[in-house]
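Scroll down for the structure; my scribbles are underneath it.
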Amino acid sequence: MADVKPSAAKGASSHKIGIQAQFGAWFAHHQLVAVETLVKLLANPAAALLTWLVVAIALTLPGALWMTLDNMEQLSGRFQASGRITLYLSPAADIEQGQALSDRIAALDDVRQTEFIDADQALDDFRHNSGLQQALDFLPDNPLPAVILVEPPLGIEARQVEQLVEQLGSYQIVDSVQLDMAWVERLLAMLALGERLIWVLGVLLALAILLVVGNTVRLAIAARVDEIRVTKLVGGTNAYVRRPFLYTGLWYGLVGGLLAWILLATCWLLLSGPVDELAQLYGSGFELKPLSAAAAMVLLLSAMILGWLGAWWSVARHLDQIEP
Amino acid sequence: MANPDVMVRFDRVSKRYSSPGTQGGGKEALSSVNFELQRGEFAFLTGHSGAGKSTLLKLMMLMERPSRGQVIIDGQNLARLRPSQVPFHRRKVGVVFQNHQLLFDRSVFDNVALPLQIAGFTPAEAGRRVRAALDSVGLLGMEKRNPIELSGGEQQRVGIARAVVNKPPLLLADEPTGNLDPELSEEIMKLFTRFQQVGVTVLIATHDIALIERMGHRRLILDQGSMVQGQLQEGVYG
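Okay, here's the thing in structure tokens:
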């Protein structure tokens, strides 16, 4: 019933703060510093603009390359008009059988048209085109097989073409099926090379971002030496002193990443019209895809991480040297 | 064994600054200094310029490390503190600098609030304490001003408010009245006395002899790095 009086010493005793309150204050300080550093940057954008632009351009280059490759993969996934399937028939098959098969194949879903060339016609064509007339006259028999040329429709998926090839090969009188996919393979090889190029370029430009943000943060540290000294004198930990600079790096990365995204979107807007026209002239359904949302997120995230790392690198090198 | 009544203890502390030009280091800034301050004691540290006053204060703040000997504050041997523990030691020691070390890019309030923000106080609690500290130095109405607009005496009082806002058990001051006229000096000293009355241990480095004599507290006198008054004799610590 009596009042419970706190037994703790009064007056100058230093105040102890609970873990929870301390975490709350830590979190509040993060928020405060995050907002403060952003406001500081935005209040004087002229000073930060150069760094933002360097970060933006360094990100736009690999970003644009990535966008190009992503779009070219679209190409490789499609079977274009240049691709034809050639069926070589067995010598045992006669002209009627060949013509009948050709008509059957023409009726398939994934086939636009077929052309039957019997063995004699093939020899004739070859005689005219090759200039080996005399040599061929010595042959006792016609060595050429009858051929069915199969043309799939435009814009068919490569996967469907493969299925078609398998199906065509299963006919009894078909000896072999030849598909001209060399250009697709070359394209895939080029894409692989391009991908490697993105990595090399990306690593170099990431290094550039680290250096640029690091240098900007170094200047910021130099401008605030007094503040750092006083903060350390009244008991600021290294983490506390570091915090505003790390956030500054984060914001440099984020704003630079946003600018890079805007640049890429502008590139897309400028190019998609002409690319559509070109694709139409080639009779292709190809269209330039913009950066996907996921890719844009990756871009922003890596920009922020790079900015933060650049700041960390600079802070680690310079901040600990400033002692009161 | 550490005596819980002792706030500060210097045990045969020497400090030699290594200067690159001279072989074997420069001259000793402090040589074999022994003294103790009791909890709640008020003492002056005097001596000519260059006698080692600032060095002695810096050792207590861990702005410097002793070349030999041990500094023990509030039962803690400073030599045993890891670098990561140094900030937490500094939070227990309030310091008033001759050039007050205020930050002119923020208000008086924010200057005084800095140690609280660092220590993790909530803004509400920090605000309450900052106003209490500013009230105790008579600057309550000036919290929104920039310290650059204030007079030398007012700036010094802002520095004192910042030093005591976290209620440290030990308060150090390095020439706190160096640039002030006698009346202002008197006023500042009264402030320090008030802190001592609530249990703070106060050590003030000054060469203002007249002031010291008027105040009549214990005196520690340094001469050429040696403590010529206030020194505990060897063998006192069994």
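Residue numbers (the working numbering), protein chains in the order written: chain P, -6 to 317; chain W, 119 to 356.
Ideal Cβ placement from N, Cα and C applies to all residues, glycine included.
Whether residue i touches residue j by CB criterion (8 Å)
i, j, result
"T238(W)", "A281(W)", "Per the sequence presented here, residue 238(W) reads as Gly, with Thr not at that position. In this structure, A281(W) does not lie closer than 8 Å to G238(W) by Cβ."
"N152(W)", "D129(W)", "yes"
"L62(P)", "W244(P)", "no"
"I322(W)", "F215(W)", "no"
"V255(W)", "I236(W)", "no"
"I191(W)", "M178(W)", "yes"
"Q347(W)", "R337(W)", "yes"
"T311(W)", "P287(W)", "no"
"A49(P)", "L204(P)", "no"
"V193(P)", "L239(P)", "no"
"G343(W)", "A169(W)", "yes"
"H207(W)", "L220(W)", "no"
"G187(W)", "D341(W)", "no"
"R236(P)", "V26(P)", "yes"
"S83(P)", "I191(P)", "no"
"L274(P)", "W261(P)", "no"
"I141(P)", "F119(P)", "no"
Span separating the alpha-carbon of residue i from that of residue j
i, j, result
"I100(P)", "S169(P)", "It should be pointed out that residue 100(P) corresponds to Ala in this sequence rather than to Ile. Distance between the alpha carbons of A100(P) and S169(P): 20 Å."
"A244(W)", "H22(P)", "13 Å"
"Q319(P)", "L125(P)", "The first residue shown for chain P is -6 and the last is 317, placing residue 319(P) beyond what the model contains."
"A159(W)", "G303(P)", "The amino acid occupying residue 159(W) in the given sequence is Glu; Ala does not appear at that position. When rounded, the distance between both Cα atoms is 49 Å."
"F279(P)", "I149(P)", "12 Å"
"M60(P)", "L46(P)", "20 Å"
"G193(W)", "A201(P)", "50 Å"
"A74(P)", "T209(P)", "Only weak support exists for where A74(P) lies, its pLDDT of 46 falling under 50; the value from the coordinates is given anyway. When rounded, the distance between both Cα atoms is 54 Å."
"E316(P)", "R222(P)", "6 Å"
"T53(P)", "G195(P)", "10 Å"
"I442(W)", "W305(P)", "What the structure shows of chain W is the stretch from 119 to 356, and residue 442(W) is not part of that stretch, so it cannot be assessed."
"L180(W)", "V248(P)", "40 Å"
"Q314(P)", "P283(P)", "47 Å"
"T241(P)", "V154(P)", "54 Å"
"G142(W)", "S136(W)", "With a pLDDT of 49 at G142(W), under the threshold of 50, the predicted position of this residue should be treated as unreliable, though the coordinate-derived value follows. Distance between the alpha carbons of G142(W) and S136(W): 8 Å."
"V218(P)", "G266(P)", "53 Å"
"E267(W)", "T295(W)", "19 Å"
"L263(P)", "M297(P)", "27 Å"
"H335(W)", "M345(W)", "17 Å"
"R112(W)", "L35(P)", "The question about residue 112(W) has no answer here: the residues shown for chain W are numbered 119 through 356."
"A213(P)", "R224(W)", "17 Å"
"G56(P)", "G250(P)", "10 Å"
"A185(P)", "A287(P)", "21 Å"
"V227(P)", "K285(W)", "12 Å"
"L350(W)", "I12(P)", "42 Å"
"A85(P)", "Q67(P)", "42 Å"
"E220(P)", "R189(P)", "46 Å"
"A242(W)", "W254(P)", "41 Å"
"M307(W)", "N121(W)", "28 Å"
"Y164(P)", "A258(P)", "50 Å"
Sequence-distant residues of its chain with Cβ nearer than 7 Å to residue i (five each side left out)
i, result
"A112(P)", "N135, L137, P138, A139"
"L175(W)", "L290, D292, A323"
"V283(W)", "V230, P233, L234, R247, V248, A251"
"Q162(P)", "Contrary to the premise, residue 162(P) reads as Gly rather than Gln in this sequence. Closer than 7 Å at Cβ, skipping near neighbours: V170."
"S303(W)", "T295, D326, L329"
"Q90(P)", "I166"
6 Å Cβ shell around residue i - same chain, five flanking residues per side excluded
i, result
"E154(W)", "V124, R127"
"R310(P)", "none"
"A40(P)", "none"
"L157(P)", "D103"
"K133(W)", "A147, L148, T173, P184, S185"
"E144(P)", "R77, R105, Q106"
"L257(W)", "R275"
"H218(W)", "Q273, Q274, G277"
"T224(P)", "V234"
Rounded Cβ spacing between residue i and residue j (contact assumed at less than 8 Å)
i, j, result
"L299(P)", "G246(P)", "5 Å"
"L198(P)", "A51(P)", "4 Å"
"L298(W)", "G270(W)", "6 Å"
Contacting residues, own chain, Cβ-Cβ under 8 Å from residue i (five flanking each side not counted)
i, result
"N195(W)", "Q188, V189"
"R263(W)", "S225, V226"
"T44(P)", "V205, V206, T209, Y245, G249"
Chain C contact for residue i (CB, 8 Å cutoff)
i, result
"Q15(P)", "The chain inventory of the structure shown lacks chain C, comprising the protein chains P and W."
Exercise for review: Quick one: which unbroken alpha helix (DSSP H) runs of 4-plus residues sit fully inside the segment 68 to 129 of chain P? Chain order, please.
Suggested key: 88 to 99, 112 to 123
Review point. Where are the beta strand (DSSP E) runs, 3 residues long or more, that stay fully inside the segment 159 to 238 of chain W, in chain order?
Key: 160 to 164, 186 to 191, 211 to 214
Practice item. Tell me the start and end of each unbroken alpha helix (DSSP H) in the segment 258 to 316 of chain P that is at least 4 residues and wholly inside, in chain order. Key: 286 to 311
Exercise for review: Pick out the complete alpha helix (DSSP H) segments inside the segment 258 to 322 of chain W, 4 residues or longer, and give them in chain order.
Suggested key: 270 to 282, 300 to 315
Review point. Can you list the alpha helix (DSSP H) stretches of 4 or more residues lying completely in the segment 320 to 346 of chain W, in chain order?
Key: Whole alpha helix (DSSP H) segments, 4+ residues: 327 to 333.
Practice item. Identify every run of the alpha helix (DSSP H) within the segment 205 to 245 of chain P, keeping only runs that are complete inside it and at least 4 residues long; order them along the chain. Key: 218 to 226
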